[in-house]
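**Q** So the sequence shown is numbered by my numbering: it starts at 16 and just counts up by one.
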Amino acid sequence: MTTLTYREAMRGAIRKAMQEDDRVFLMGEDVGHYGGCYAVSKGLLDEFGPERIRDTPLSESGFTGAGIGAAMGGMRPIVEVMTCNFSLLSLDQIMNNAATIRHMSGGQFNVPVVIRMATGGGRQLAAQHSHSLEGWYAHIPGIRVLAPATVEDAAGMLGPALEDPDPVLIFENALLYNESADVAEPVEVDIDRAKIRREGSDLTLITYGGSLGKTLAAAEELGSAAISAEVIDLRVLRPLDDATILASLAKTRRCVIVDEGWRSGSLSAEIMARIVEQGFWNLDAPLLRVCSEEVPVPYAKHLEEAALPSIAKIVAAGLLAMGR
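#1: Looking only at C-alpha atoms, which of 312, 19, 281, 307 sits nearest to residue 151?
#2: Run the CB neighbour count on residue 163, radius 10 Å, all protein chains shown included, and call it buried at 16 or more, exposed below.
#3: Identify whether residue 222 lies in helix, strand or coil by the three-state DSSP scheme.
#4: Apart from the five residues on each side of it in sequence, which residues of its chain come closer than 7 Å, Cβ to Cβ, to residue 313?
#5: Ignoring anything shorter than 3 residues or poking outside the region 76 to 118, list the beta strand (DSSP E) runs there in chain order.
#6: Would residue 134 pass as a contact of residue 109 if the rule is Cβ separation under 8 Å?
#7: Start and end of the alpha helix (DSSP H) containing residue 316?
#8: For residue 199, I'd like the list of residues in its chain whose CB is within less than 6 Å of its CB, leaving aside the five on either flank, ordered along the chain.
#9: So which of 283, 259, 245, 256 has the shortest CA-CA distance to residue 267?
#10: In or out: residue 229 buried (at least 16 other Cβ within 10 Å) or exposed?
#11: What is the DSSP secondary structure of residue 263, reduced to helix, strand or coil?
#12: Going by the CB atoms, is the gap between residue 178 and residue 131 shorter than 8 Å?
#13: Report back the beta-carbon spacing between residue 22 and residue 53 to the nearest angstrom; my notes put them in contact at under 8 Å.
#14: Based on the DSSP secondary-structure assignment, which residues constitute the bridge partners of residue 121?
#15: Any chance you could list the alpha helix (DSSP H) runs of at least 4 consecutive residues sitting entirely within the region 274 to 309, in chain order?
#16: Rounding to the nearest angstrom, what Cα-Cα distance links residue 122 and residue 128 in this structure?
#17: Express the C-alpha separation of residue 69 and residue 45 in angstroms, rounding to a whole number.
#18: Measuring CB atoms only, is the region 82 to 97 touching the region 59 to 66, in the sense that at least three cross pairs come out at less than 8 Å?
#19: In terms of DSSP beta bridges, what is residue 131 paired with?
#20: Taking all protein chains shown into account, decide if residue 338 is buried (16 or more other Cβ within 10 angstroms of its Cβ) or exposed.
#21: Taking 8 Å as the cut-off, decide whether the C-beta atoms of residue 125 and residue 117 are in contact.
#22: Buried or exposed: where does residue 324 fall if 16 or more other Cβ atoms within 10 Å of its Cβ makes it buried?
#23: What do you reckon, are the CB atoms on residue 269 and residue 299 nearer than 8 Å?
#24: Take residue 74 as the anchor and find which of 105, 67, 58, 91 has the nearest alpha-carbon.
#25: DSSP on residue 23, reduced to helix/strand/coil?
#26: If we ignore side chains and look at the alpha-carbon of each, how far apart do residue 146 and residue 67 end up?
#27: Using three-state DSSP, classify residue 217 as helix, strand or coil.
#28: If I'm right that residue 28 touches residue 174 with Cβ under 8 Å, what's the distance once you round it to whole angstroms?
#29: Using 8 Å as the threshold, is the region 216 to 225 in touch with the region 273 to 293, meaning 3 or more CB pairs across them?
#30: What is the DSSP secondary structure of residue 234, reduced to helix, strand or coil?
#31: Tell me, to the nearest whole angstrom, how far the beta carbon of residue 333 is from that of residue 307; I am working on the premise that it is less than 8 Å.
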């Protein structure tokens, strides 16, 4: 067992991938000399050199497009976008090129690119650095969307993502980078399946990414009220693992979804629709959800805390789902 931070686990995954495959390289803003905006790539420039750790101009559309082209040319690029808010500047490249080329070429070309980006609020970095847009990308056919919530998943998701013949987006909640845990080698993560992080029998709590810790803490509080809450970490936002969700609902018959995205048109809404379509008769109570308030994430600490999902909000929703 090795004790690692989330940041170190991601760095180790990048290092391992580059050691094992000469086609793998990292590119993005400040990933080289600065060591990455969140210090994920610190030290990798000295180890692998500027050909494989590439600092890029401040042009998300430009360097994301270059990564897509490199992937089509046989390389295995890891493109780092500083924050998911900035990824909107490369949305044309991701949606209209990376996600569609296999389809539009009749299967003649594929785009094995991995695009990593920080997501989530709670750091007082205001609206342009704090949103959770992974649900938007989970709407797009042709890509896989991952959200590692644990140190183990940070260590183990990159390898299979690089083996995927299609584009993979990895959303790393920035509040997790300093989290630490013991990790056993080798790490093997199934990027097709959700993970049950806590067994329960009365209520299903579904979440992902930065909200996992809050949800587990809420489950503990609900336990003190004699409510046995099961916690599902989605991990894979596209394609969603309907089977794990529905199996849990068949057991608990009640559900709360915790999603740091906004409520309207959200990932939580999609999950609720799938449950209703496929498992309505297993429900004993209305589906509930805890989302961010429908405002740009505020800078002021007390307002930011009020805007984001919290343990107290999750507990309140859990009690309501149980009819209390």
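Where is the CB? At the ideal position from N, CA and C, for every residue including glycine.
Source: prediction; values computed, not measured.
**A** The short version:
#1: If we check each option's Cα against that of residue 151, 281 comes out closest.
#2: Burial call: buried.
#3: DSSP places residue 222 in the strand class (E or B) of the three-state scheme.
#4: Within the same chain, residue 313 has close Cβ partners 319, 322.
#5: The region 76 to 118 contains these whole beta strand (DSSP E) runs: 91 to 96.
#6: Going by beta carbons, residue 134 and residue 109 fall outside the 8 Å limit.
#7: 316 to 322 is the span of the alpha helix (DSSP H), which, as asked, contains residue 316.
#8: Result list for residue 199: 16, in chain order.
#9: Measuring C-alpha to C-alpha distances from residue 267 to each of 283, 259, 245, 256 identifies 245 as the nearest.
#10: Per the 10 Å Cβ criterion, buried.
#11: Secondary structure of residue 263 (DSSP, three-state): helix.
#12: Contact flag unset, no.
#13: Between residue 53 and residue 22 the Cβ distance is about 7 Å, and since that is below 8 Å, they are a contact.
#14: Beta-bridge partners of residue 121 (DSSP): none assigned.
#15: Taking only runs of at least 4 residues, the alpha helix (DSSP H) segments lying wholly in the region 274 to 309 are 282 to 294.
#16: Those two C-alpha atoms are separated by around 16 Å.
#17: Spanning the two alpha carbons is a distance of roughly 9 Å.
#18: A contact between stretches requires three or more CB pairs, one per stretch, nearer than 8 Å, and the region 82 to 97 fails this requirement with the region 59 to 66.
#19: DSSP output for residue 131 lists 95, 185 as bridge partner(s).
#20: Taking a 10 Å sphere around the C-beta of residue 338, we find fewer than 16 other C-beta atoms and assign the residue as exposed.
#21: Between residue 125 and residue 117, the gap from beta carbon to beta carbon is short of 8 Å.
#22: Here residue 324 is buried. Its C-beta has 16 or more other C-beta atoms within 10 Å.
#23: Contact: yes.
#24: That would be 105, whose Cα lies nearest to the Cα of residue 74.
#25: DSSP places residue 23 in helix when its eight states are reduced to three.
#26: Approximately 30 Å between the Cα atoms of the pair.
#27: Coil.
#28: Confirmed, Cβ separation roughly 7 Å.
#29: Touching, per the Cβ criterion.
#30: In the three-state reduction of the DSSP assignment, residue 234 falls in the helix class.
#31: Rounded, the Cβ-Cβ distance is 18 Å, inconsistent with contact.
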